[in-house]
Amino acid sequence: MLTALSQVVLKVNKNSQHIISAHAMLHTVIFLFLFVASDDTGNRLRFQLELEFVQCLANPNYLNFLAQRGYFKDKAFVNYLKYLLYWKEPEYAKYLKYPQCLHMLELLQYEHFRKELVNAQCAKFIDEQQILHWQHYSRKRMRLQQALAEQQQQQNSTSVK
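Structure follows, in structure tokens:
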């Protein structure tokens, strides 16, 4: 259920209604699980919930949603974002599916960035830059894989002779 929730939030969707309902659902799930869970279960759930939330930060539209609703003006929320920096440690980062969320988490430490996110154009620009990065990364990775395959093919043909 939590993975499905993060997929709803991570979806690039112009209709903020989906983001709002996913956000409300996330808060409800966190409260219920942490309220009724034992220590071990609570720790596992806390890990999973924080993992899901950190990854939601990869979505510029979600960041815009949070900014427009004043979350970034709340000192407790800003402190929570600071606390979440532990996800940059390799023992935690290895669980991330969307590593760009760490860059966003780092940028969210700056008040100026948090203020700019209120502007939908800022979120749109970040979204476009992420897409361009992914396209460049995919092309570059494909070229590297092709070069490696050609190199291995040449090594195989020379070792056969």
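Everything in the sequence shown is counted per the working numbering, starting at 2 for the first residue and increasing by one. Think of the CB as a built atom: it goes at the ideal place given N, C-alpha and C, for glycine as much as any other residue. Quick caveat: nothing in here was measured; it's all calculated off a predicted structure.
- Its Cα nearest to that of valine 119, the residue Tyr63 stands out among Gln49, Tyr63, Phe48 and Arg47.
- Glutamine 101 is positioned such that its CB atom lies no closer than 7 angstroms to that of alanine 68.
- Shown here, tyrosine 111 sits in coil according to DSSP, grouped into three states, outside any helix or strand.
- In the three-state scheme derived from DSSP, where H, G and I count as helix and E and B as strand, arginine 70 is classed as coil.
- For proline 91, the enclosing alpha helix (DSSP H) covers residues 91-94.
- Contact between the region 147-155 and the region 82-98 is not established, with fewer than three Cβ pairs separated by less than 8 angstroms.
- For valine 79, the enclosing alpha helix (DSSP H) stretches over residues 76-84.
- Proline 100 sits in coil when the DSSP states are folded into three classes, being neither helix nor strand.
- One thing to note: leucine 109 has its Cβ within 7 angstroms of the Cβ of leucine 82.
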